[in-house]
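S.K.: Numbering (my numbering), first residue to last: 8 to 294. We put the CB at the ideal spot given by N, CA and C, even for glycine. Got a structure for you, written out below as structure tokens; questions coming shortly.
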Amino acid sequence: MEILQRQLLFKLAVCQGIGNLGILKVLQEAIAQKRVDFSSTEIIRIAEIKKYRELFEQSWLHHTIHSEALYIRQCQHQFMTILDAVYPKLLREIYNPPAILFYRGNLQLLSRRKIGIVGARYATSYGLRVTEALVPKIVKEGFTIVSGLAKGIDSRSHEMAIQNGGQTIGILGTGLDVYYPYEKKELQQTMKQNQLVLTEYVNGSGPKKYHFPARNRIIAGLSLGVCVIEARKNSGSLITAQAAMDYGREVFAVPGSIFQSFSTGCHELIQDGAKCVQTIDDICEEL
């Protein structure tokens, strides 16, 4: 039955018109009823699909016809579901955990102690220097770095982890076969070979605005804590930090100049109770 439930999750994940919360509701019903042979009408009711009902019905019909071939093809890009033992325990604990994660790389990294490092895409030289100073020391303490493979602080965090013999996990807001930003294609390819890249989006999924806040919850959900290095007011990095707070994880922020807008978000986090980071000890003593 679990194998059939896993296939159901895959089929729902590749369908349009149903979100992750809807998929989790269908899974809950499948477990309760001990069946997976739901009609599109039943799924629409269970998942409470309203606005995208017609889109889902068309997508469900298409994937019902082509699901077996698609399933076999997608297995070339491995995936795990929330039903699987390898699914990260910390991530399973959050609100709205991803029902399915597609991945490339070394799954053993999921069992390591992890910390999220996020920050500005258009980082200042100060922010990059802080990243280059902190990440090697964090890696030396045995932490795996989790970030979003975006340009700026995120990609520099991944790069510094790799350059210093550490391990790093990248979370995408696209499918595994999409390179966004494109200039980080080589980094993403390297991480697929020797590190780990995860996404909840099926192959072919391009970057959409709402994908990235959803991506950020996974960064926070995987991590014991999140450290923000440079963030403007209302930055996406603050969404990651807020998610970490909501999940009961530690939140750290690096202070900067009061004259620099890229430090505003970090200063607000510190005012709201985030741990001010001046040295690696400020992180290690909390984790």
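1) In chain order, what are the residue ranges of uninterrupted alpha helix (DSSP H) at least 4 long that sit wholly in the region 119-176?
2) Output needed for Thr131: all residues of its chain with C-beta closer than 6 Å, excluding positions within five of it in sequence on either side, in chain order.
3) Within 10 angstroms of its Cβ, does Phe266 collect 16 or more other Cβ (buried), or is it exposed?
4) Taking the continuous beta strand (DSSP E) assigned at Thr247, which residues delimit it?
5) Grab the span of the beta strand (DSSP E) containing Val233 for me, first residue to last.
6) Can you check whether the CB of Ile122 is closer than 8 Å to the CB of Ser244?
7) Can you tell me whether DSSP reads Cys22 as helix, strand or coil?
8) Given 8 Å as the limit, is there contact between the region 189-200 and the region 217-236, that is, 3 or more CB pairs closer than that?
9) Within 10 angstroms of its Cβ, does Asn223 collect 16 or more other Cβ (buried), or is it exposed?
10) Between the region 137-148 and the region 158-175, can you find at least three pairs of beta-carbon atoms closer than 8 Å?
11) Tell me the DSSP secondary structure of Met87 in three-state form.
12) For Ala281, which of helix, strand or coil comes out of DSSP?
13) To the nearest angstrom, how far is the alpha carbon of Leu15 from that of Val43?
14) Using 8 Å for Cβ pairs, my map puts Pro105 next to Asn27. What's the rounded Cβ distance?
15) Do Thr175 and Ile160 have their C-beta atoms within less than 8 Å of each other?
16) Would you say Ala250 and Ala281 are within 8 Å of each other, going by their C-beta atoms?
17) Leaving aside the five residues before and after Arg163 along the sequence, list all residues of the same chain whose C-beta is less than 6 Å from its C-beta, in chain order.
18) Which whole-angstrom value is the C-beta distance of Ile53 and Val33, which I expect to be below 8 Å?
19) Please classify Val261 as buried or exposed, where buried requires at least 16 neighbouring CB atoms within 10 angstroms.
20) Going straight from the alpha carbon of Ile38 to that of Ile50, what length do you get?
21) Which ranges does the beta strand (DSSP E) cover as unbroken runs of at least 3 residues, wholly within the region 188-221, from first to last along the chain?
22) Determine the extent of the beta strand (DSSP E) in which Val258 is found, giving its start and end residues.
M.R.: In this structure, then:
1) The region 119-176 contains these whole alpha helix (DSSP H) runs: 132-147 and 160-170.
2) Hits under 6 Å: Phe269.
3) So Phe266 counts as exposed.
4) Run containing Thr247: none in the beta strand (DSSP E); it sits in the alpha helix (DSSP H), Gly243 to Asp253.
5) Per DSSP, Val233 belongs to the beta strand (DSSP E) from Gly232 to Ile236.
6) It is not a contact, given that the beta carbons lie outside the stated cut-off.
7) Coil.
8) Touching, no.
9) Burial check for Asn223: the Cβ neighbour count within 10 Å reaches 16 or more, so the residue is buried.
10) Touching, yes, given that three or more Cβ pairs across the two stretches are closer than 8 Å.
11) Of the three classes helix, strand and coil, the one that applies to Met87 here is strand, per DSSP.
12) Three-state DSSP puts Ala281 in coil, outside helix and strand.
13) About 7 Å.
14) With 8 Å as the limit, Pro105 and Asn27 qualify as a contact, their Cβ atoms being about 6 Å apart.
15) In this structure, Ile160 does not lie closer than 8 Å to Thr175 by Cβ.
16) The Cβ atoms of Ala250 and Ala281 lie no closer than 8 Å to each other.
17) Excluding positions up to five away in sequence, the list reads Leu135 and Thr138.
18) The Cβ separation is near 5 Å, so the contact holds.
19) Buried, since its Cβ has 16 or more Cβ neighbours within 10 Å.
20) Rounded to whole angstroms, Ile38 to Ile50 spans 14 Å at the Cα level.
21) You should have 203-206.
22) Here the beta strand (DSSP E) through Val258 covers Glu257 to Ala260.
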